Structure formats: C-alpha cells, structure tokens
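Undergrad:
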Amino acid sequence: MRINVLQHTPNEGPGMIQDWSQEHGHQMYIYHPYQFGHLPSAEQTDMLVILGGPMSPNDDLPWIKQERQLIKKLLAQNKPLFGACFGAQQIAKTLGKEIKKAPAKEVGWAPVYRQNEAIFGIPEKMTVLHWHEEMFEIPEDAKLLFSSDKVKNQGFVMNHRIIGLQFHVEPEADNVREMVVNDFPYLKGSVLNQSSEDILNTPVPAENKLILNRMLDYITD
1 MRINVLQHTP NEGPGMIQDW SQEHGHQMYI YHPYQFGHLP SAEQTDMLVI LGGPMSPNDD
61 LPWIKQERQL IKKLLAQNKP LFGACFGAQQ IAKTLGKEIK KAPAKEVGWA PVYRQNEAIF
121 GIPEKMTVLH WHEEMFEIPE DAKLLFSSDK VKNQGFVMNH RIIGLQFHVE PEADNVREMV
181 VNDFPYLKGS VLNQSSEDIL NTPVPAENKL ILNRMLDYIT D
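Numbering (full-length UniProt numbering), first residue to last: 1 to 221.
1. Do Leu39 and Glu12 come within 8 Å of each other at the CB atom, strictly closer than that value?
2. Just list the residues that DSSP pairs Arg114 with in beta bridges.
3. Closest to Ala102 by CA distance: which of Gly189, Asp198, Met16, Met1 is it?
4. Mapping the DSSP letters down to three states, classify Ile17 as helix, strand or coil.
5. Mind the definition here: the region 191 to 203 touches the region 161 to 172 only if three or more C-beta pairs lie below 8 Å; say whether that holds.
6. So, helix, strand or coil for residue 228, using DSSP?
7. Whose C-alpha, out of Asp149, Asp141, Asn58, Leu61, is nearest the C-alpha of Asn159?
8. Could you tell me if the beta carbon of Gly52 falls within a distance shorter than 7 Å of some heavy atom in the ligand HEM?
9. Since Lys125 is in the beta strand (DSSP E), which residue starts that stretch and which ends it?
10. Comparing alpha-carbon positions, which option in Lys100, Leu144, Ala104, Trp109 lies nearest Ile119?
11. Is DSSP giving Asn4 helix, strand or coil here?
12. How many angstroms separate the CA atom of Asn213 from the CA atom of Pro80?
So this is what it looks like as structure tokens:
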C-alpha cells in the first residue's frame, strides 16, 4: 500500500505512523506542500495522512485548497484518511464543517476521553499531546470519538475509513523534543499552564503507540 503523508511544518512529522507503515510493509511518501507546492494525485494514493501545522484551514493559500480537493476525491473513493490537528480540520472543512477558535487553547499533555466504542481496544482515558487553539465541528455521519476537559470535539470516526484527531498521538519522544525546542513560544496562553520543561519531562505513554496502531488498523481493515 502506498501511504502519502502531507506534512505542514518541519517539526511535525509522521512519528509512530511511520513505524506502523514499516511494520506492515507499506511504502510511505512524505510531501511538503507548504514548501514545494506538490501534492500526490488520488490515483497515486492508497491511504492519506494529513499532519498538523501552524496554519489554519481558513487561510487563503492555494495549496490548502488543493489539499481539500485531494481529500474530496479520496472521500469519494472510500480510501483511508487519517488527520491530526490541522489535518483533521482539513477533513472536516472538506465535509462542509466550520473551523473556529476552540473554547480554550490547549498546549501540552492532557487526557482525552473515549466517547464511543467504534474501535476495539481504545481505553476510556488516554494522555495525549495537545498543540492547538482551533477546533472542528463533527462532520455529518461521523461519530464523536474523543473529548477533553476543555474541548468537546477532540476526535471523530467516519465510515470505517476516516479518523480525525484534534490532538497528537503520533509523536515519539524525539518528535516531542523537536516540537518543543522549535515551537515553545506557542505555549503562551495555554489553559494547561505547562512549561517547556513540563512537556519534555513527561514521558510519551507507552500505550499511545498501541492505540495509534489500532486506529490505523481500523481504517485500513
């Protein structure tokens, strides 16, 4: 399977998604549309991963709109889509939903709570990395998958082929370090009140890789 990844900033890569891809013998191609302006075609894509970034789906940039055109084609073809943060917002906006400021800016480690049992083996509570101040509305025909204490719409699942998460479950420890040392000014104003040291000194929960793998298995089954 060819997995095409849309990466939107140097410090937010595929992380453990790449581990899953390699363990399953898939081929991963990573695109950087914000820098090079290139996107894969729908025909070249068996699965699409849309990662996070500092931009908003509401920004008037040609490549952001082109991404949604690709997402629309893949939705019509019922191909697996996994979106993290900005990526989840892109999927929701493609499906006609509004992207707006969240009730609270969340940056740091905090729990989310499972809201339905669509995916086997997802615990009722898990600790994940938040790095956002906008949020999506849940698309029609999708199910609310996760909520946090501050933001209800933290994840959705749709048609056994689509998962969008407002938070990050994909980073490994080195990825977290990369995010923090490059984007630490973004911590200002977060309701989680965590410092760079707080985030760096919090281990990535060992269960996160297993949970991520179950979600990826679910949409590619």
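We put the beta carbon where it would ideally sit given N, CA and C, even for glycine. Since we're looking at a predicted model, the values are computed, not measured.
TA: Taking the structure as given:
1. The residue you call residue 12 lines up with position 12 of the sequence shown. The residue you call residue 39 lines up with position 39 of the sequence shown. No.
2. As a position in the sequence shown, residue 114 is number 114, starting the count at 1. In DSSP, Arg114 forms a bridge with Phe146.
3. Taking the first residue of the sequence shown as 1, we reach residue 102 at position 102. Among Gly189, Asp198, Met16, Met1, the Cα nearest to that of Ala102 belongs to Gly189.
4. As a first step, residue 17 is located in the sequence shown; it is residue number 17 there, counting from the start. If DSSP states are grouped into helix, strand and coil, Ile17 belongs with the helices.
5. With the rule of 3 Cβ pairs closer than 8 Å, the region 191 to 203 does not count as touching the region 161 to 172.
6. The structure shown does not extend to residue 228, since the chain is modelled only from 1 through 221, so no value can be given for it.
7. Counting from 1 along the sequence shown, the entry for residue 159 is found at position 159. The residue with the shortest Cα to Cα distance from Asn159 is Asp141.
8. For the ligand HEM, the structure offers nothing, since it holds no ligand at all.
9. Within the sequence shown, residue 125 is the residue found at index 125, counting from 1. Here the beta strand (DSSP E) through Lys125 covers 125 to 136.
10. On the sequence shown, residue 119 is found 119 positions in, with the first residue counted as 1. Nearest C-alpha to Ile119: Leu144.
11. In the sequence shown, counting from the first residue as 1, residue 4 sits at position 4. In this structure, Asn4 counts as strand in the three-state DSSP scheme.
12. Reading the sequence shown from its first residue, position 213 is the one you call residue 213. Reading the sequence shown from its first residue, position 80 is the one you call residue 80. Distance between the alpha carbons of Asn213 and Pro80: 14 Å.
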